[in-house]
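In our numbering, the protein residues as written are 2 to 355. All C-beta atoms, glycine included, are put in the ideal place defined by N, C-alpha and C. All values reported here derive from a predicted model rather than from experimental measurement. Notes to accompany the following structure.
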Amino acid sequence: MQKLFDLMRKLPPDIDCGVISSSINIKYFTRFSLTDGVLVVTHSDAYLLTDFRYYEMAKSVIKDISVICFKDLNAELANIFEVNGFSSVAIESSYVAVKTLENYKKRFKDITFITDDRFDDIILDLRMVKTDYEIKKIEHAQEVTEAAFNSVLNFISEGKTELDIARNLNTFILNNSEGLSFDTIVVSGSNSSLPHGVPSYKPIQKGDLITMDFGAIVDGYHSDMTRTVCVGELSSEKEEIYSIVLSGQKLALNSVKEGIRCSDVDRLVRDYFKKFGFDSEFGHSLGHGVGLDIHERPFLSSRGNIELKKGMVVTIEPGIYLSGRFGVRIEDMILITENGYKNFTKCSKELICI
Ligand SMILES: [Mn+2]
2 MQKLFDLMRK LPPDIDCGVI SSSINIKYFT RFSLTDGVLV VTHSDAYLLT
52 DFRYYEMAKS VIKDISVICF KDLNAELANI FEVNGFSSVA IESSYVAVKT
102 LENYKKRFKD ITFITDDRFD DIILDLRMVK TDYEIKKIEH AQEVTEAAFN
152 SVLNFISEGK TELDIARNLN TFILNNSEGL SFDTIVVSGS NSSLPHGVPS
202 YKPIQKGDLI TMDFGAIVDG YHSDMTRTVC VGELSSEKEE IYSIVLSGQK
252 LALNSVKEGI RCSDVDRLVR DYFKKFGFDS EFGHSLGHGV GLDIHERPFL
302 SSRGNIELKK GMVVTIEPGI YLSGRFGVRI EDMILITENG YKNFTKCSKE
352 LICI
């Protein structure tokens, strides 16, 4: 619960308490999963409010804070606000529905709800730097993901469809983890120029590049990897693009260290691709943080003004996409360390031809 105490300490003085209602943030601070309840965080205390369905379990696993069983959530909140004399309450600006906020305002007329991003920013910034527990979960999720990749390599062949390949990856991941990090992407041939294309009944043909982007979830923690492989012999043009993307990816990895700004890592790859005339063919950002969300802070983009810090887990995933023709993306997931990084993605990035 260290992170919960960090949050209490960082709560701005003009905010009496914060109400966390997103199940993802509740899980982050308590490691407890629920779909109905809130975590109230004050400067010195925290209360998990949940209903009968979760109460017994929550009470048995959460020891450091009060767990309260509610029949009427708003009545319980009113009680906490009143007993403590609270008048300003922050909510998670990026998670709370407009309707929920309207209901709060109607129900709690004397409370000022703080809807600026300060409370959210504190939470999302805390989530950027992973604990050892989180790192283990992400590493485990990546092991499953990589095993799925090694297994699908034996399955891919000419004539199989993108959907066949996606189902093969999905089955492996579902058999070995809690679920898919996101809808698996498998795009081949001309479809591979679509960075986030959806797998189709398109059969794999000789000379195709196949881009696969996928991940597994372990205890709520995500993994994310992308590999581009080919079937049969590759044209020299495709081989060249592959080697440019790979060199760009390695360039980014070699630059990664504590203190480097996310936008600087992104720019390094963008400038490198530009040398080959591929500036507009890399239309997405270089990477993103991974954790309880598949995409979370920090974002490695041209606007990413956060500096990398030990304990952050981010992806490095440059790509070049030639519209209507083909594309290549290579993605690793890494942990920022004191001296550089540790790559969670172990398998080879040299071009695999099947
Ligand atoms: Mn990714």
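Shortest alpha-carbon distance to residue i belongs to which of the options?
{"i": "glutamate 238", "options": "Arg262, Leu210, Ser67 and Asn171", "result": "Leu210"}
{"i": "tyrosine 96", "options": "Asp118, Asn169, Asn171 and Val41", "result": "Asp118"}
{"i": "glycine 160", "options": "Leu247, Ser23, Leu5 and Gly190", "result": "Gly190"}
{"i": "asparagine 306", "options": "Asp280, Asp126, Ser61 and Ser201", "result": "Asp126"}
{"i": "glutamine 206", "options": "Ile245, Ile157, Ser178 and Asn171", "result": "Ile157"}
{"i": "serine 45", "options": "Asp52, Gly221, Asp65 and Thr36", "result": "Asp65"}
{"i": "glycine 290", "options": "Leu323, Ile353 and Glu332", "result": "Glu332"}
{"i": "leucine 175", "options": "Phe215, Ile139 and Val188", "result": "Phe215"}
{"i": "serine 256", "options": "Leu301, Lys276 and Tyr222", "result": "Leu301"}
{"i": "isoleucine 242", "options": "Ala217, Tyr273, Tyr222 and Met213", "result": "Tyr273"}
{"i": "leucine 50", "options": "Phe114, Gly284, Thr36 and Ile69", "result": "Ile69"}
{"i": "lysine 311", "options": "Arg271, Ser281, Pro319 and Pro299", "result": "Pro299"}
{"i": "tyrosine 222", "options": "Glu140, Glu318, Tyr322 and Thr43", "result": "Glu140"}
{"i": "arginine 228", "options": "Ala47, Thr346, Thr36 and Arg108", "result": "Thr346"}
Look at the alpha carbon of residue i and the alpha carbon of residue j, and state the distance between them as a whole number of angstroms.
{"i": "phenylalanine 71", "j": "cysteine 263", "result": "43 Å"}
{"i": "glycine 233", "j": "glycine 198", "result": "22 Å"}
{"i": "lysine 131", "j": "serine 34", "result": "18 Å"}
{"i": "leucine 12", "j": "valine 39", "result": "17 Å"}
{"i": "glutamate 163", "j": "asparagine 169", "result": "10 Å"}
{"i": "serine 23", "j": "glutamate 93", "result": "8 Å"}
{"i": "valine 145", "j": "proline 204", "result": "26 Å"}
{"i": "phenylalanine 53", "j": "serine 303", "result": "47 Å"}
{"i": "aspartate 294", "j": "aspartate 220", "result": "12 Å"}
{"i": "leucine 336", "j": "leucine 287", "result": "15 Å"}
{"i": "leucine 102", "j": "lysine 110", "result": "12 Å"}
{"i": "leucine 181", "j": "phenylalanine 114", "result": "36 Å"}
{"i": "aspartate 165", "j": "asparagine 85", "result": "58 Å"}
{"i": "asparagine 80", "j": "leucine 74", "result": "10 Å"}
{"i": "methionine 2", "j": "arginine 326", "result": "50 Å"}
{"i": "valine 329", "j": "leucine 195", "result": "10 Å"}
{"i": "serine 224", "j": "valine 188", "result": "19 Å"}
{"i": "alanine 149", "j": "asparagine 344", "result": "18 Å"}
{"i": "lysine 106", "j": "phenylalanine 120", "result": "18 Å"}
{"i": "threonine 116", "j": "alanine 91", "result": "6 Å"}
{"i": "threonine 316", "j": "tyrosine 56", "result": "37 Å"}
{"i": "glutamate 147", "j": "valine 270", "result": "25 Å"}
{"i": "aspartate 133", "j": "leucine 309", "result": "17 Å"}
{"i": "glutamate 297", "j": "serine 281", "result": "25 Å"}
Does residue i pass the burial test, meaning 16 or more other C-beta atoms within 10 Å, or should it be called exposed?
{"i": "alanine 59", "result": "buried"}
{"i": "glutamate 339", "result": "exposed"}
{"i": "phenylalanine 82", "result": "buried"}
{"i": "proline 14", "result": "exposed"}
{"i": "cysteine 354", "result": "exposed"}
{"i": "alanine 76", "result": "exposed"}
{"i": "glutamate 351", "result": "exposed"}
{"i": "alanine 98", "result": "exposed"}
{"i": "threonine 172", "result": "exposed"}
Hey, is residue i close to ligand 1, as in C-beta under 7 Å from one of its heavy atoms?
{"i": "aspartate 225", "result": "yes"}
{"i": "glutamate 332", "result": "yes"}
{"i": "threonine 146", "result": "no"}
{"i": "threonine 346", "result": "no"}
{"i": "histidine 285", "result": "no"}
{"i": "threonine 316", "result": "yes"}
{"i": "histidine 197", "result": "no"}
{"i": "histidine 289", "result": "yes"}
Would you say residue i lies against chain C (beta-carbon separation less than 8 Å)?
{"i": "serine 349", "result": "The chain inventory of the structure shown lacks chain C, comprising one protein chain alone."}
Across which residues does DSSP place residue i in a beta bridge pair?
{"i": "valine 219", "result": "Tyr222"}
{"i": "arginine 228", "result": "Met213"}
{"i": "serine 67", "result": "Tyr48"}
{"i": "methionine 313", "result": "Val130"}
{"i": "lysine 343", "result": "Leu336"}
{"i": "serine 182", "result": "DSSP, once it has assigned bridges, lists no residue as partnering serine 182."}
{"i": "cysteine 354", "result": "Cys231"}
{"i": "threonine 113", "result": "Ser89"}
{"i": "serine 204", "result": "Before going on, a small fix: residue 204 reads as proline here, not serine. Looking at the DSSP assignment, proline 204 forms a beta bridge with Thr162."}
{"i": "histidine 141", "result": "Answer is none; histidine 141 lacks a bridge partner."}
{"i": "glycine 38", "result": "Thr51"}
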